[in-house]
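Chemist: Under full-length UniProt numbering, the sequence shown has 406 at position 406, and the numbering climbs by one with no breaks.
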Amino acid sequence: MSFAETPTQAHDDAELQQQLASVILPNGRGDQSVRDAAALFVDAGLRRGDSVFAPGRAVWTQANIDELVTRFVQQPHVAGGSFLEKLSQQLADAPDDAKLLMAELVTWQLLPIWIGTIGEKKKRARVEAVLRLMEHPVTIPESILAAFPAGAFNPGTRMGSQLYEAMTIIVNMVKAWTQLSPERQEDLLEHPLRLRDFIRDEVAGESFPTQRNALLYLIRPDYFQSIVAADHKLAIRDAFIGDAGGTAEDIDADLNRISLALQTKGGKPFDFYDEEYLRVWRPEEAPQPEDKEDFAPTPVSDCPAATEELAQRVFIGTEWLDRTLAVLHRRKQIIFYGPPGTGKTFIARALADHITGGDGGVRLVQFHPSYSYEDFFEGLRPSTKDGALTYTLQAGPMKRIADEAAKNPELNYVLIIDEINRGNLAKIFGELYFLLEYRDERVSLLYEPETTFALPANVYIIGTMNTSDRSIALMDAAMRRRFAFIELHPGEAPVARVLPKWLQANGLPAEVGELFALLNDRIDDRDFRIGPSYLMSRDGDLSPARLDEIWMFEVLPLLAEHHFGDGVDVNARYGLEALRAELDSRSA
Numbered sequence: 001m002s003f004a005e006t007p008t009q010a011h012d013d014a015e016l017q018q019q020l021a022s023v024i025l026p027n028g029r030g031d032q033s034v035r036d037a038a039a040l041f042v043d044a045g046l047r048r049g050d051s052v053f054a055p056g057r058a059v060w061t062q063a064n065i066d067e068l069v070t071r072f073v074q075q076p077h078v079a080g081g082s083f084l085e086k087l088s089q090q091l092a093d094a095p096d097d098a099k100l101l102m103a104e105l106v107t108w109q110l111l112p113i114w115i116g117t118i119g120e121k122k123k124r125a126r127v128e129a130v131l132r133l134m135e136h137p138v139t140i141p142e143s144i145l146a147a148f149p150a151g152a153f154n155p156g157t158r159m160g161s162q163l164y165e166a167m168t169i170i171v172n173m174v175k176a177w178t179q180l181s182p183e184r185q186e187d188l189l190e191h192p193l194r195l196r197d198f199i200r201d202e203v204a205g206e207s208f209p210t211q212r213n214a215l216l217y218l219i220r221p222d223y224f225q226s227i228v229a230a231d232h233k234l235a236i237r238d239a240f241i242g243d244a245g246g247t248a249e250d251i252d253a254d255l256n257r258i259s260l261a262l263q264t265k266g267g268k269p270f271d272f273y274d275e276e277y278l279r280v281w282r283p284e285e286a287p288q289p290e291d292k293e294d295f296a297p298t299p300v301s302d303c304p305a306a307t308e309e310l311a312q313r314v315f316i317g318t319e320w321l322d323r324t325l326a327v328l329h330r331r332k333q334i335i336f337y338g339p340p341g342t343g344k345t346f347i348a349r350a351l352a353d354h355i356t357g358g359d360g361g362v363r364l365v366q367f368h369p370s371y372s373y374e375d376f377f378e379g380l381r382p383s384t385k386d387g388a389l390t391y392t393l394q395a396g397p398m399k400r401i402a403d404e405a406a407k408n409p410e411l412n413y414v415l416i417i418d419e420i421n422r423g424n425l426a427k428i429f430g431e432l433y434f435l436l437e438y439r440d441e442r443v444s445l446l447y448e449p450e451t452t453f454a455l456p457a458n459v460y461i462i463g464t465m466n467t468s469d470r471s472i473a474l475m476d477a478a479m480r481r482r483f484a485f486i487e488l489h490p491g492e493a494p495v496a497r498v499l500p501k502w503l504q505a506n507g508l509p510a511e512v513g514e515l516f517a518l519l520n521d522r523i524d525d526r527d528f529r530i531g532p533s534y535l536m537s538r539d540g541d542l543s544p545a546r547l548d549e550i551w552m553f554e555v556l557p558l559l560a561e562h563h564f565g566d567g568v569d570v571n572a573r574y575g576l577e578a579l580r581a582e583l584d585s586r587s588a
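1. Quick one: what does DSSP say Leu-364 is sitting in, helix, strand or coil?
2. Expressed to the nearest angstrom, what Euclidean distance is found between the alpha-carbon atoms of Arg-439 and Gly-463?
3. Kindly indicate if chain E contains any beta-carbon less than 8 angstroms away from that of Leu-46.
4. Give the straight-line distance between the Cα atoms of Lys-407 and Lys-399, rounded to the nearest whole angstrom.
5. Going by the beta-carbon positions, is the gap between Leu-415 and Val-459 smaller than 8 angstroms?
6. If you draw a straight line from the C-alpha of Lys-427 to the C-alpha of Ile-355, how long is it?
7. If I measure Cβ to Cβ from Pro-297 and keep anything under 7 angstroms in the same chain, skipping five residues before and after, which residues do I get?
8. Considering only residues of the segment 494-545, which uninterrupted alpha helix (DSSP H) runs meet the minimum length of 4 residues and lie entirely inside it, listed in chain order?
9. Taking the runs of the alpha helix (DSSP H) that are 4 residues or longer, which of them lie wholly in the segment 323-390?
10. Determine the direct distance from the alpha carbon of Gln-312 to that of Ala-306, and round the result to whole angstroms.
11. Residues in the same chain with beta-carbon distance under 8 angstroms from Glu-290, minus the five sequence neighbours each way, listed in chain order, please.
12. Going by DSSP, what residues sit across from Glu-487 in a beta bridge?
13. Around the Cβ of Arg-280, are there at least 16 other Cβ atoms within 10 angstroms (buried) or fewer (exposed)?
14. Restricting to Cα atoms, I'd like to know which of Ile-316, Cys-303, Ala-150 is closest to Pro-357.
15. Note down, one range per segment and in chain order, each beta strand (DSSP E) of at least 3 residues found wholly within the segment 221-267.
16. Please give the ranges of any alpha helix (DSSP H) in the segment 59-147, keeping only runs that are unbroken, at least 4 residues long and fully inside the region.
17. Between which two residues does the alpha helix (DSSP H) holding Ile-169 run?
18. Would Val-203 and Met-173 be called neighbours here (beta carbons separated by less than 8 angstroms)?
19. For Ser-587, which of Glu-249, Glu-514, Ile-140, Asn-466 has the nearest alpha-carbon?
20. Nearest-angstrom Cα distance between Ile-486 and Tyr-337?
21. Looking only at its own chain, which residues have a Cβ that is under 6 angstroms from the Cβ of Glu-419, when we skip the five neighbours before and after it?
22. Give the single residue among Pro-76, Thr-61, Ala-578 whose Cα lies nearest to the Cα of Arg-48.
23. Thr-464 bridges to which residues according to DSSP?
24. Using three-state DSSP, classify Glu-395 as helix, strand or coil.
25. Which residue from Glu-120, Glu-437, His-191, Glu-206 puts its Cα closest to that of Gln-162?
26. How is Thr-210 classed by DSSP in three states: helix, strand or coil?
27. By the three-class DSSP mapping on this structure, what secondary structure does Asp-201 have?
28. Would you decide whether Tyr-447 is buried or exposed? Buried here means 16 or more other CB atoms lie within 10 Å of its CB.
29. Quick test of the definition: if touching needs 3 or more C-beta pairs under 8 angstroms, does the segment 187-197 touch the segment 134-152?
30. Residue range of the alpha helix (DSSP H) that Leu-310 falls in?
31. Apart from the five residues just before and just after Arg-580, which ones in its own chain have a Cβ nearer than 8 angstroms to its Cβ?
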């Protein structure tokens with residue numbers, strides 16, 4: 001022991017070395033939260049037959065598992081589309097306890113799957129869909145929800161596309177388990193290789209090694225690494241067997257010995273998919289296996305094509321919408337700019353809802369001159385603890401949406417920044433400036449320099465800005481380069497046709513559209529022309545009284561401000577009477 005080392009530190013170090021040499025410890029890939037949740041299934045379900053979601057309720061029983069075998073395993077050809085649609089028919093009149101057991105088994109299957117394959121929201125949604133089949137549903141425990149943003153392995157394509165076959169193995173495993181004596185059950189839990197033989201040889205169903213290996217990890221993660229692909233297990237064993245002093249002629253025993261040897265050698269837990277180990281057992285020049293199961297991110301969903309429903313919502317044709325969506329997908333950041341009332345924020349919201357599929361992945365913030373990096377990304381906020389003032393680091397809207405997107409990479413997220421030009425963009429974005437252009441890179445954070453951050457590819461940013469204050473010309477070149485700019489102008493497509501379409505859809509006279517077009521013709525400055533949203537009330541009311549009210553209290557004040565001090569009689573030039581008189585003279 002060194003002079004600087006305390007007895008407590010020496011004891012802790014010795015204990016860690018003993019653990020490294022005897023059990024596989026959690027790695028840094030969210031493995032601990034998965035292990036904690038999986039332990040509940042072993043202790044409550046396998047050992048006591050108890051419910052994981054409703055403690056004290058006997059659910060993992062022979063009677064309930066027989067219900068699932070009869071209704072689910074033995075009825076694979078039920079009509080329907082998705083796994084959940086078929087399951088709702090299979091379990092339609094099953095007892096609540098059987099439905100609860102199925103929900104817990106679906107959760108068990110989902111627990112270790114990496115979020116790049118199925119994200120946090122979809123994990124939760126799948127389990128909740130099964131729970132809703134119950135007459136009296138229960139909720140998912142927080143201890144389980146805490147594991148959904150994590151994951152231990154990428155199961156490959158088969159586990160996702162053959163969910164019925166995967167779940168059949170799990171149901172059959174629990175059926176076989178409930179038929180064992182308590183003594184045999186404890187013996188299997190105590191001896192990992194006997195457990196492996198039981199799951200491999202005594203559980204009915206397809207061979208499906210990926211799912212069977214996943215069960216081994218879920219039950220004994222201290223012995224079995226989170227490696228589910230059979231070809232990966234062979235490649236790893238062959239590459240590192242020297243570290244274990246030679247083979248024991250059993251691949252799982254060899255992998256355990258290799259894992260303990262490498263843990264002890266490195267003095268810490270590790271992951272065979274970390275770069276330093278990956279390049280040893282699967283060098284880049286080696287041919288990739290057909291069922292590739294590495295940890296490459298799942299490609300983010302494309303921006304879906306525009307639908308007629310979207311077109312009708314915004315009164316804009318699908319051709320323009322598709323072109324805009326294509327630009328947004330390619331650039332990730334766009335800005336709608338134009339005069340007031342051209343529907344910039346309305347269209348941004350509609351596109352965001354369309355892109356995210358209504359999954360709640362839309363956030364809106366509004367910039368203003370005092371808005372800062374601390375407001376937008378993260379910063380210290382005062383709070384009280386035990387009666388004393390303290391400061392805690394709190395995430396802003398950009399950090400929160402990025403964190404959520406990282407947990408759900410198969411979903412799209414949209415951040416709408418209203419009036420983006422009103423903020424000091426260099427001050428607000430800080431180091432995020434770089435990430436807007438280089439999404440694959442990571443940067444150190446201002447308040448967490450030891451932490452690196454990347455802007456997920458499934459986060460889209462839509463900004464809006466008015467041109468009436470000329471601020472677009474003041475935006476610095478660096479920011480302009482990072483956004484695509486799309487103009488929305490009352491005199492140009494697609495905005496020019498919005499008001500006539502809206503009037504027609506609401507059964508209102510076309511004359512209003514003619515008056516509005518004439519109004520903008522009389523405004524010399526292109527940037528001060530007025531958009532149609534001033535007239536497009538949510539209730540569809542554009543009666544003569546309402547039109548007079550809008551003109552008097554919304555349209556003319558804008559133009560009065562524009563002409564302040566230049567001697568123009570705003571009412572004589574832009575008033576409804578003056579415009580109607582010109583229309584009448586044209587038609588005479």
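Note that CB positions come from ideal geometry on N, CA and C, so glycine has one too.
Modeler: Taking the geometry as given:
1. strand
2. 18 angstroms
3. Looking at the structure shown, chain E is missing, and only one protein chain is on hand.
4. 13 angstroms
5. yes
6. 29 angstroms
7. Any reading at Pro-297 must be qualified, since the residue scores a pLDDT of 40, below 50, and its modelled position is unreliable; no value is offered.
8. 498-505, 511-522
9. 344-356, 373-376
10. 11 angstroms
11. Low local confidence applies: a pLDDT of 34 at Glu-290 is under 50, so the model's placement there is unreliable, with the coordinate-based value given in what follows. Excluding residues within five positions, none has a Cβ falling inside 8 angstroms.
12. Tyr-337
13. It is worth fixing the name first, because residue 280 is Val in this sequence and not Arg. Its Cβ having fewer than 16 others within 10 Å, Val-280 is exposed.
14. Here residue 357 is Gly; the residue named in the question, Pro, does not match the sequence. Residue Cys-303 is the option with its Cα nearest to Gly-357.
15. none
16. 62-68, 83-90, 96-110, 120-131, 142-145
17. 163-178
18. yes
19. Glu-514
20. 6 angstroms
21. Gln-366, Phe-367
22. Thr-61
23. Phe-336
24. Reading off the sequence, residue 395 comes out as Ala, not Glu. Looking at Ala-395 - three-state DSSP - the assignment turns out to be strand.
25. Glu-206
26. helix
27. helix
28. exposed
29. no
30. 308-314
31. Leu-515
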